[in-house]
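For the sequence shown, counting from 1, position 61 maps to 60 in numbering that gives the first Met the number 0; every step adds exactly one.
Just below is one structure, and these are the notes that go with it.
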Amino acid sequence: MRRAARATAILTVTYLGVLSVGNTDSRRWLYLLVSLSAWIAFGLVARWFFHVGRPGPADDAGPADDTPAARRPLLAVASLALVVQLPGLFFPPASSTDLNRYVWDGRVQLDGVDPYRYVPFDDRLAHLRDPILFPGLRPDEASGVTTEPLPADREGVLEYARNDARSPISRPRFLTPYPPVAEAYYAAVSAVTPWSWGSKGFQVSGALLAVATSVLVARYLRSRGRDPFQALVWAWSPTVVLEAGNGGHVDVLVALLIVLAVMAAVHRRAALVVGGLVGLAAAVKLTPFVVLPAFTPWRFTRGDGSPAGVWGGIRRSLVVGLTAIGLVVLVYLPHYLAVGPAIKGSLDGYLAEEGGENRASLLTLVLPLPVANVVAVVVCLGVAAWAVLGRRGREDDPALPALYLYGALLLTTTPVLAWYSLPLVALAVMVGRPEWLALAVAGCCAYGGHGAYPATPVAYAAALLVIYLVTVRRIRRRRPPAATPPRPAPRTT
């Protein structure tokens, strides 16, 4: 514990220095510099902590039941995770202005207006303006903007997407792109956050969600007979510190829900519970749909360890899948009844905006974009097929296939937003595959190098190379050494 406290102190000071440089959204080169520095410090500290005199799981994990001795590692992980999140709460979000949209969407809902109805600049919402979110636009001043469909061409969309000096809200002429459960989260946090706090409520909430995820990952590790202190790899990682507590991104809620879904599946909870958790994650951000095949294997093992057979596995998987999809449809339904097709928000505009040289940039190094899009779908479907059909004997734990599915999504789409990797970081820690954290580093490099092509494909190519080399090394280590043939007996005359 003393070593863990020293490691946490080192990283806390590191992140304090990183965040003190101020907002880097308009200075991406600075974001790249400080985030890479944080990753280097994290790597050195984590290696020292886990490889230099580190006690084994039997020494640190303690009893596996719910005793005070068993809870001590969980309390230690929670405390250390909270400490390392604290620096981010004393600085404005460093990497983006997304939290301003969160605050606005929550405020609109608390006023009784559907969040998919009006863009932030629409004068019908002028009474909700304040000097923090609209420093250049008073409530009694007309904006000259009305809610209307986005242009059909990408150039027009990019023009609409330009930020406006009158408000720090990202894309103030766009409808919100976030699904309904994310919107409910925004409303809940806004309900307990004074207007004068700005985005501080979402930073506190993001930090608490990161700490809660740390405890859940530690519990999962302990239940699998592993060292619960490995959960600190999640808590300490730069992406979690910079994008959960300081950045407050809703992706940390996605990570929490995916971890809960994995734990529910591991402990043989009802299919409705597992499917509901996956559906909630997908209704926060649609990307978690990609991990659904990890929870729908064609074979299933009952709680007593006996196989349920093919039909039992298929039946349970159908319930999980239909529950997840049905929940997403259900939460969208009230909004559809209120605003109709506008429930899609600005998703089409967002896809058009991100459809430039960075989309599927790793594949477009060797393929034209239309072909790369098809190959990306084929790759993800192939991993999904393996997750459903090919992991015989490991159906009870969806963490590893979920990691592969989410990793395949990031590698094929190569997003330039660093916080997209938050769920992947949690899954990588749960299955003990630290090489997949290279994708989180790639996301930081892509975000920091956005607009400087080919920074994005080079970053993701380097991450893929790291994953490949470490995986090959792990496979070779697991192979039993080749038997040495016996020497023939010496000839005698």
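Built from N, CA and C at the ideal position, the CB exists for glycine as well.
Using a threshold of 9 Å, state whether the C-beta atoms of Arg2 and Phe41 are closer than that. The residue labelled residue 2 in the question sits at position 3 within the sequence shown. The residue labelled residue 41 in the question sits at position 42 within the sequence shown. Cβ distance not < 9 Å, so Arg2 and Phe41 don't count as in contact.
If you follow the alpha helix (DSSP H) that Asp97 is part of, which residue opens it and which one closes it? If you number the sequence shown from 1, residue 97 lands on position 98. It spans Asp97 to Leu109 - the alpha helix (DSSP H) in which Asp97 sits, taken as one unbroken run.
Can you tell me which of the three DSSP states Gly312 falls into? Translated into the one-based positions of the sequence shown, residue 312 becomes position 313. Correct three-state label for Gly312: helix.
Given Val203 as reference, the closest of Leu421, Leu468 and Ala243 once Cα atoms are compared: Position 204 of the sequence shown, counting from 1, holds the residue named residue 203. Checked all of Leu421, Leu468 and Ala243; the closest Cα to Val203 is Ala243.
Which listed residue (Ser236, Gly278 and Leu241) has its alpha carbon closest to that of Leu256: Translated into the one-based positions of the sequence shown, residue 256 becomes position 257. Taking only the C-alpha atoms, the option nearest Leu256 is Gly278.
Identify, in the order they occur along the chain, each residue of the same chain with its Cβ nearer than 7 Å to the Cβ of Leu259, setting aside the five sequence neighbours on each side. One-based indexing of the sequence shown puts residue 259 at position 260. Answer for Leu259: Leu215 and Leu276, listed in chain order.
Looking at the unbroken alpha helix (DSSP H) that takes in His50, where does it start and where does it end? Indexing the sequence shown from 1 puts residue 50 at position 51. Run containing His50: Arg27 to His50, per the alpha helix (DSSP H) assignment.
What is the rounded straight-line gap between the Cα of Trp194 and the Cα of Leu464? As a first step, residue 194 must be located in the sequence shown, where it is residue number 195. As a first step, residue 464 must be located in the sequence shown, where it is residue number 465. Taking the straight line joining both Cα atoms gives about 47 Å.
Can at least three beta-carbon pairs, one atom from the segment 410-417 and one from the segment 443-450, be found at a separation below 8 Å? yes
Measure the C-alpha to C-alpha separation of Val516 and Gly312 and round it to an integer number of angstroms. Outside the modelled stretch of the chain, which goes from 0 to 492, sits residue 516, for which no answer is possible.
With 16 as the cutoff for other CB atoms within 10 Å, does Trp28 come out buried or exposed? Taking the sequence shown and counting its residues from 1, one reaches residue 28 at position 29. Label assigned to Trp28: exposed.
Report the three-state DSSP secondary structure of Asp24 (helix, strand or coil). In the sequence shown, the residue the question calls residue 24 occupies position 25. If DSSP states are grouped into helix, strand and coil, Asp24 belongs with coil.
With a 10 Å radius around its C-beta and 16 neighbouring C-beta atoms as the bar for buried, classify Pro86 as buried or exposed. Counting from one through the sequence shown, the residue named residue 86 turns up at place 87. That one is buried.
For Arg46, which of Leu231, Pro400, Val378 and Val370 has the nearest alpha-carbon? As a position in the sequence shown, residue 46 is number 47, starting the count at 1. Ranking the options by Cα distance to Arg46, first place goes to Leu231.
Does at least one heavy atom of the ligand HEM sit under 8 Å from the Cβ of Asp163? Summarising the ligand content, the structure contains no ligands, and the ligand HEM is consequently not present.
Nearest-angstrom Cβ-Cβ length linking Thr212 and Ser420, presumed shorter than 8 Å: What you label residue 212 is simply residue 213 of the sequence shown in a count that begins at 1. What you label residue 420 is simply residue 421 of the sequence shown in a count that begins at 1. Thr212 to Ser420, Cβ: 14 Å. No contact.
DSSP three-state call for Ser166: helix, strand or coil? The residue labelled residue 166 in the question sits at position 167 within the sequence shown. Ser166 falls in the strand class under three-state DSSP.
What is the rounded straight-line gap between the Cα of Ile9 and the Cα of Ile324? Walking along the sequence shown from the start, residue 9 turns up at place 10. Walking along the sequence shown from the start, residue 324 turns up at place 325. Distance between the alpha carbons of Ile9 and Ile324 is about 44 Å.
Grab the span of the alpha helix (DSSP H) containing Gln202 for me, first residue to last. Here the question's residue 202 lines up with position 203 in the sequence shown. Element bounds for Gln202: Lys199 to Ser222.
I think Leu362 touches Ala375, with their Cβ atoms under 8 Å apart; what is that distance to the nearest whole Å? Position 363 of the sequence shown, counting from 1, holds the residue named residue 362. Position 376 of the sequence shown, counting from 1, holds the residue named residue 375. The pair is a contact, with the Cβ atoms about 6 Å apart (cut-off 8 Å).
Once DSSP output is grouped into helix, strand and coil, what is the label at Val382? Translated into positions along the sequence shown, residue 382 becomes position 383. Three-state result, Val382: helix.
Starting from the Cα of Ala359, find the closest Cα among Gly344, Asp347, Cys379 and Leu346 and give me that residue. As a first step, residue 359 must be located in the sequence shown, where it is residue number 360. The shortest C-alpha separation from Ala359 is found at Cys379.
Count the other CB atoms within 10 Å of the CB of Val328; is the residue buried (16 or more) or exposed (fewer)? Working through the sequence shown from its first residue, we reach residue 328 at position 329. Classification of Val328: exposed, given that the 10 Å Cβ count is below 16.
Same chain only: Cβ atoms within 6 Å of Val17, ignoring 5 sequence neighbours per side: Working through the sequence shown from its first residue, we reach residue 17 at position 18. For Val17, where only same-chain residues beyond five positions count, the Cβ hits under 6 Å are Val33 and Ala37.
Which same chain residues end up closer than 7 Å to Asn503 when comparing Cβ atoms and leaving out the 5 residues on each side of it in sequence? The chain is shown from 0 up to 492; residue 503 falls before or after that span and cannot be answered.
Secondary structure of Asp58, DSSP reduced to three states: Within the sequence shown, residue 58 is the residue found at index 59, counting from 1. Here Asp58 scores only 41 on pLDDT, less than 50, and its place in the model should not be relied on; the value that follows carries that caveat. In the structure shown, Asp58 sits in a helix (DSSP, three-state: H, G or I).
In its own chain, which residues sit with a C-beta less than 7 Å from the C-beta of Val144, not counting the 5 before and 5 after it? As a first step, residue 144 is located in the sequence shown; it is residue number 145 there, counting from the start. Cβ neighbours of Val144 beyond the five flanking positions: Val118, Phe120, Asp121 and Arg172.
Buried or exposed: which applies to Val373, given that a residue is buried once 16 or more other Cβ atoms fall within 10 Å of its Cβ? Here the question's residue 373 lines up with position 374 in the sequence shown. Looking at its Cβ environment, which holds fewer than 16 other Cβ atoms inside 10 Å, Val373 is exposed.
C-alpha distance - Gln229 paired with Leu436, whole-angstrom precision: To locate residue 229, count along the sequence shown from 1; it is residue 230. To locate residue 436, count along the sequence shown from 1; it is residue 437. Their backbone Cα atoms lie some 14 Å apart in a straight line.
For Ala75, which residues from the same chain have a beta carbon less than 7 Å from its beta carbon, with the 5 sequence-adjacent residues on both sides left out? Residue numbering aside, residue 75 sits at position 76 when the sequence shown is read from its first letter. These residues qualify, in order along the chain: Met0 and Ala3.
Can you list, in chain order, the residues of its chain whose CB lies under 7 Å from that of Tyr115, leaving out five sequence neighbours each side? Counting from 1 along the sequence shown, the entry for residue 115 is found at position 116. Around Tyr115: Leu174, Thr175, His334, Val338, Ala341, Ile342 and Gly344.
Just how far apart, CA to CA, sit Leu409 and Gln108? Along the sequence shown, read from residue 1 onward, the residue named residue 409 stands at position 410. Along the sequence shown, read from residue 1 onward, the residue named residue 108 stands at position 109. Taking the straight line joining both Cα atoms gives about 32 Å.
Could you pull the start and end residues of the alpha helix (DSSP H) that Val428 belongs to? On the sequence shown, residue 428 is found 429 positions in, with the first residue counted as 1. Looking at the DSSP string, the run of the alpha helix (DSSP H) that includes Val428 is Leu421 to Val430.
Where Ala141 falls: helix, strand or coil (DSSP): The residue you call residue 141 lines up with position 142 of the sequence shown. In the structure shown, Ala141 sits in coil (DSSP, three-state: anything other than H, G, I, E or B).
Using only the alpha-carbon positions, how far apart do Ala60 and Lys199 sit? Residue numbering aside, residue 60 sits at position 61 when the sequence shown is read from its first letter. Residue numbering aside, residue 199 sits at position 200 when the sequence shown is read from its first letter. With a pLDDT of 44 at Ala60, under the threshold of 50, the predicted position of this residue should be treated as unreliable, though the coordinate-derived value follows. Roughly 35 Å separates the two Cα atoms.
Would you call the CB atoms of Tyr405 and Pro422 closer than 9 Å? Locating residue 405 in the sequence shown gives position 406, counting from the first residue. Locating residue 422 in the sequence shown gives position 423, counting from the first residue. Taking 9 Å as the Cβ cut-off, Tyr405 and Pro422 qualify as a contacting pair.
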